[in-house]
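Notes for the one structure printed next.
Residue numbers (the working numbering): 435 to 585.
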């Protein structure tokens, strides 16, 4: 990690800052030690941030942003997004989905078990790729068909 003794003298461009903040990949051994629940926890945050960024333009009221994002980060929509990604996944990524699916211990009552397991699987995959291969993560997220008509 980059250490700067005097921040006022730091001459960092945006790419270097993003690299320092978001490109801390883990080794394969470190990733194998992480529980699917931990990966899903991280993946949930990464997925929501991606969706928030997606809806940021064109500018609109905060309430409109919120409505759009909430509609996309629901388990039902995440399960649908997983179905969109399935044709593009590698065998390793498909195995990871199984790990995430099998790790689900409890779920909200309003969601059926299969939907919740698929949503958690997607979050697990996103968390894993965020920590291991950001390029691959962005490649997969680009395949998502996100509803732009939600107001």
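We put the CB at the ideal spot given by N, CA and C, even for glycine.
Just so we're clear, the structure is a prediction, and the values are computed from it rather than from any experiment.
Residues in its own chain within less than 6 Å of residue 569 by CB, not counting five upstream and five downstream?
Position 135 of the chain shown, counting from 1, holds the residue named residue 569. Nothing meets the Cβ criterion.
Would you call the CB atoms of residue 483 and residue 516 closer than 8 Å?
Here residue 483 corresponds to residue number 49 of the chain shown, with the count starting at 1. Here residue 516 corresponds to residue number 82 of the chain shown, with the count starting at 1. Cβ distance not < 8 Å, so residue 483 and residue 516 don't count as in contact.
Mind the definition here: the segment 471 to 489 touches the segment 534 to 554 only if three or more C-beta pairs lie below 8 Å; say whether that holds.
Contact check between the segment 471 to 489 and the segment 534 to 554: three or more CB pairs, one atom from each, fall below 8 Å, which counts as touching.
Helix, strand or coil for residue 512, going by three-state DSSP, please let me know.
By 1-based counting over the chain shown, the position of residue 512 is 78. Helix at residue 512.
How many whole angstroms separate the CB atoms of residue 497 and residue 577, which I take to be in contact at a CB cut-off of 8 Å?
As a first step, residue 497 is located in the chain shown; it is residue number 63 there, counting from the start. As a first step, residue 577 is located in the chain shown; it is residue number 143 there, counting from the start. The Cβ separation is near 29 Å, so there is no contact.
Return helix, strand or coil for residue 495, following the three-state DSSP convention.
Looking up residue 495 in the chain shown gives position 61. The answer is coil: DSSP assigns residue 495 none of H, G, I, E or B.
Tell me whether residue 562 sits in a helix, a strand or coil according to DSSP, three-state version.
Here residue 562 is taken as the residue at index 128 of the chain shown, counted from 1. Helix at residue 562.
So, is residue 504 buried or exposed, given that buried needs 16 or more other C-beta atoms within 10 angstroms?
On the chain shown, residue 504 is found 70 positions in, with the first residue counted as 1. Exposed, by the Cβ-count rule.
What number of angstroms, rounded off, separates the C-alpha of residue 537 from the C-alpha of residue 546?
Against the chain shown, residue 537 aligns to sequence position 103. Against the chain shown, residue 546 aligns to sequence position 112. Each residue's Cα considered, the two are about 16 Å apart.
For residue 467, does the three-state DSSP call read helix, strand or coil?
On the chain shown, position 33 is the one that residue 467 refers to. Correct three-state label for residue 467: helix.
Please state whether the Cβ-Cβ distance between residue 562 and residue 530 is less than 8 Å.
Position 128 of the chain shown holds residue 562. Position 96 of the chain shown holds residue 530. Cβ atoms of residue 562 and residue 530: closer than 8 Å.
Kindly indicate which residue of 573, 526, 549, 500 has the alpha-carbon position closest to the one of residue 511.
As a first step, residue 511 must be located in the chain shown, where it is residue number 77. Residue nearest to residue 511 within the set 573, 526, 549, 500 is 549 (criterion: CA-CA distance).
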